[in-house]
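Plus 33 on top of the position in the sequence shown (first one is 1) and you've got the working numbering.
Working notes, beginning with the structure itself.
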Amino acid sequence: MRIERPFQKKSDFDHLRKVVMRETTDGPVPLLEFAVDPELMIEISGYDFPAGGLELIPELLTNPTPEALRVGLHLMELSRAFTAATRYDYVTTLPIVPIPRPIHRTAARLEHEVKKDSRPRGWQEEHQGLITNREQFQAFPWPSKNMVNILPIQFMADRLPPGAKLMALIVGIFEDLRAVMSFEGMAFATIEQPDLVEDILERLTVLTEDLVDKTAAHPATGAIFYADDMAFNNRTMISPKLLKEWVIPRHKRIADACHKHHKPFLFHGCGQIDALMEDLIEVVGIDGKHSFQDNIEPVEETYRKYGNRISILGGLEVDLLARGTEAQVRKRARQILEACAPGGGFCMGSGNSVTNFCKIENYFAMIDETRKWNEEH
34 MRIERPFQKK SDFDHLRKVV MRETTDGPVP LLEFAVDPEL MIEISGYDFP
84 AGGLELIPEL LTNPTPEALR VGLHLMELSR AFTAATRYDY VTTLPIVPIP
134 RPIHRTAARL EHEVKKDSRP RGWQEEHQGL ITNREQFQAF PWPSKNMVNI
184 LPIQFMADRL PPGAKLMALI VGIFEDLRAV MSFEGMAFAT IEQPDLVEDI
234 LERLTVLTED LVDKTAAHPA TGAIFYADDM AFNNRTMISP KLLKEWVIPR
284 HKRIADACHK HHKPFLFHGC GQIDALMEDL IEVVGIDGKH SFQDNIEPVE
334 ETYRKYGNRI SILGGLEVDL LARGTEAQVR KRARQILEAC APGGGFCMGS
384 GNSVTNFCKI ENYFAMIDET RKWNEEH
């Protein structure tokens, strides 16, 4: 289903930046997503994506084959075509550190997937990690700094739609810790081998710091969107004490690598992270918070608590986009806008990402209701 009407007349990253930095309460409420699944971008933009290419996308996060790299070029062009069609204020791109990240895939198809040839969904290895002891850590094929890949930034810099900048998605160090150790392996190691956990985190931080520094330094980059899920629906994955000791100071180093180039550092973190919010704001220095679920805390409540200190990004429940009606989506979008938009520092979007099992008509309803709100105000 192609989009019939863009969200706005033209992209305007300068306005988006002012909103996420809480420098203005004037002007329209921008749209912002951490990610829109490629299947939806293809449907909406009409881009001719290579057959079978979606299945190679996970390889881009590890050591991609030449075929996967060609798919990566198409993915960047798809992102540009999507922005041109919808008039978001940015083009999403994914600079990477090529670390082995084992991902399992399921052949199951979900009821509301946009296309029957959607790529299988994946999940992280929970039980058996690539690193379980000091010997495996020493033998692990750690990439060097010169393997940090900002090719997506360089490739897209001269291809941006007028008024747009690049939004660089960065995989977080706690995410990668779980990827290389497995969740169970990490959990046991926090007790049995804490020095190993810290050494892995430090190696990941040095690489991610360098990636963010090089990415944020590029003039085409508008902001860093850093993703590090650290919690379940009701608590953090490991104790807040350990996260504050091991992860938060390293997040600050990564945020500093962004801020030294005067670029916004936006944080995507799923789950119940109330125990970490003060540290994320005061120690790390995040400029905006993304990822919300109503069963954890409605976005309006997060805005009430923190909206005078950081920007609040998105918040419309993914479950509603997947299973609700257009009328329900419009009603909920209007509720969120009425609570969060007047004070500024708010962007409309999904609570997590626009997945390939979301209904396109519901996604369009969210966009259109935001456009109507802006026209009315």
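We put the CB at the ideal spot given by N, CA and C, even for glycine.
N- and C-terminal bounds of the beta strand (DSSP E) containing residue i
i      : result
Tyr259 : 254–260
Thr119 : Run containing Thr119: none in the beta strand (DSSP E); it sits in the alpha helix (DSSP H), 99–119.
Ser344 : 344–346
Phe298 : 298–301
Val124 : 123–126
Residue i in three-state terms, based on DSSP
i      : result
Phe265 : coil
Tyr336 : helix
Ile418 : Residue 418 lies beyond the stretch modelled for the chain, which goes from 34 to 410, so this question has no answer here.
Phe12  : Missing from the structure shown is residue 12; the chain here goes from 34 to 410 and no further.
Phe411 : Residue 411 lies beyond the residue range present for the chain, which begins at 34 and ends at 410; the question has no answer from this structure.
Ile129 : strand
Gln41  : coil
Leu64  : strand
Phe46  : helix
Ser383 : strand
Ala140 : Its pLDDT being 47, under 50, Ala140 is placed unreliably in this model, and the value from its coordinates should be taken loosely. The answer is coil: DSSP assigns Ala140 none of H, G, I, E or B.
Near the ligand SAH: residue i beta-carbon under 7 Å from a heavy atom
i      : result
Phe325 : As presented, the structure is devoid of all ligands, the ligand SAH included, so that no description of it is given.
Through-space distance from residue j to residue i, alpha-carbon basis
i      : j      : result
Met381 : Asp45  : 15 Å
Ala140 : Leu87  : For Ala140, the predicted structure reports a pLDDT of 47, less than 50, and the residue's modelled location is therefore unreliable. The matter cannot be settled from this model.
Asp47  : Val239 : 30 Å
Met310 : Ile329 : 14 Å
Pro194 : Ala118 : 10 Å
Thr57  : Arg367 : 21 Å
Lys149 : Cys391 : Bear in mind that a pLDDT of 47 at Lys149, under 50, signals an unreliable position, so the number given afterwards is only what the model happens to contain. If you take the alpha carbons of Lys149 and Cys391, they lie about 13 Å apart.
Glu72  : Thr165 : 36 Å
Thr223 : Val130 : 24 Å
Thr333 : Glu92  : Sequence inspection shows Glu at residue 333; the Thr mentioned does not correspond to that position. Each residue's alpha carbon lies about 37 Å from the other.
Pro375 : Phe115 : 28 Å
Trp279 : Met270 : 13 Å
Lys178 : Ala264 : 29 Å
Ile287 : Leu313 : 12 Å
Val316 : Asp81  : 44 Å
Glu371 : Val351 : 19 Å
Leu2   : Asp232 : Limits of the chain in this structure are 34 at one end and 410 at the other, which puts residue 2 out of reach.
Arg192 : Pro128 : 16 Å
Met54  : Arg167 : 42 Å
Glu217 : Ser383 : 30 Å
Arg120 : Asp327 : 28 Å
Gly302 : Gly105 : 25 Å
Ser386 : Met74  : 12 Å
Ala197 : Val124 : 7 Å
Gln41  : Arg113 : 16 Å
The alpha helix (DSSP H) enclosing residue i, as first and last residue numbers
i      : result
Val351 : 351–356
Val316 : Element bounds for Val316: n/a, residue is neither H nor E.
Phe359 : For the record, residue 359 in the displayed sequence is Glu; it is not Phe. Glu359 -> alpha helix (DSSP H) spans 359–373.
Asp307 : 307–312
His251 : Taken as a continuous stretch (DSSP letters only), His251 belongs to no alpha helix (DSSP H), as it is neither H nor E.
Lys285 : 281–292
Ser78  : 71–78
Query raised in the report: Which ranges would you report for the beta strand (DSSP E) in the segment 179–237 if only whole runs of at least 3 residues count?
Result: 198–204
Requested in this report: Pair every Cβ in the segment 225–245 with every Cβ in the segment 170–188, then say whether three or more of these pairs are closer than 8 Å.
Outcome: yes
Query raised in the report: On the three-pair Cβ rule with 8 Å, is the segment 325–342 touching the segment 355–363?
Result: no
Query raised in the report: Using 8 Å as the threshold, is the segment 200–209 in touch with the segment 253–261, meaning 3 or more CB pairs across them?
Result: yes
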